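In the UniProt record's numbering, the protein residues as written are 1 to 72. Glycine included, every Cβ here is placed at the ideal spot set by N, Cα and C. Keep in mind it's a predicted model, so treat the numbers as computed, not measured. Structure first, then comments.
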């Protein structure tokens with residue numbers, strides 16, 4: 001679920017999972033490597049992609065070919 005609600009806890013929301021990605025120490029990382037590091041926190045790859053989409057839309061990351069760069 002994208003947003004927390006009466007039925008979805010904050011920890012199950014994509015917003016929370018976006019925070020998990022931002023907490024990594026990496027400034028530039030390959031998409032596959034990033035997924036390997038955080039996949040145990042996501043129930044599916046769809047959630048991971050939704051989280052990346054949200055971070056990109058908000059300007060927290062940029063995506064070049066296969067690498068993700070965190071924007072300061």
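Below 8 Å CB to CB, which residues in the same chain sit around residue i once its five sequence neighbours on both sides are set aside?
| i | result |
| --- | --- |
| residue 26 | 34 and 70 |
For residue i, which of the options has the nearest alpha-carbon?
| i | options | result |
| --- | --- | --- |
| residue 66 | 13, 31 and 11 | 31 |
| residue 61 | 48, 40 and 22 | 22 |
| residue 24 | 41, 9 and 8 | 41 |
| residue 47 | 9, 29, 18 and 28 | 18 |
Where does the unbroken alpha helix (DSSP H) through residue i begin, and where does it stop?
| i | result |
| --- | --- |
| residue 41 | No alpha helix (DSSP H) holds residue 41; DSSP gives it neither H nor E. |
| residue 16 | 14-22 |
So, for residue i: in the same chain, excluding its five sequence neighbours on each side, which residues have a beta-carbon less than 7 Å away from its beta-carbon?
| i | result |
| --- | --- |
| residue 49 | none |
| residue 63 | 56 |
Whole-angstrom Cβ separation of residue i and residue j, contact assumed at under 8 Å?
| i | j | result |
| --- | --- | --- |
| residue 20 | residue 38 | 6 Å |
Is any non-hydrogen atom of the ligand ZN found closer than 7 Å to the C-beta of residue i, if you look at the structure I gave you?
| i | result |
| --- | --- |
| residue 64 | Ligands in the displayed structure: none, and consequently the ligand ZN is not present. |
Could you spell out the range, first to last residue, of the beta strand (DSSP E) harbouring residue i?
| i | result |
| --- | --- |
| residue 69 | 67-70 |
Item checked: Cβ contact check for the segment 51-61 and the segment 6-13: 3 or more pairs under 8 Å -> no
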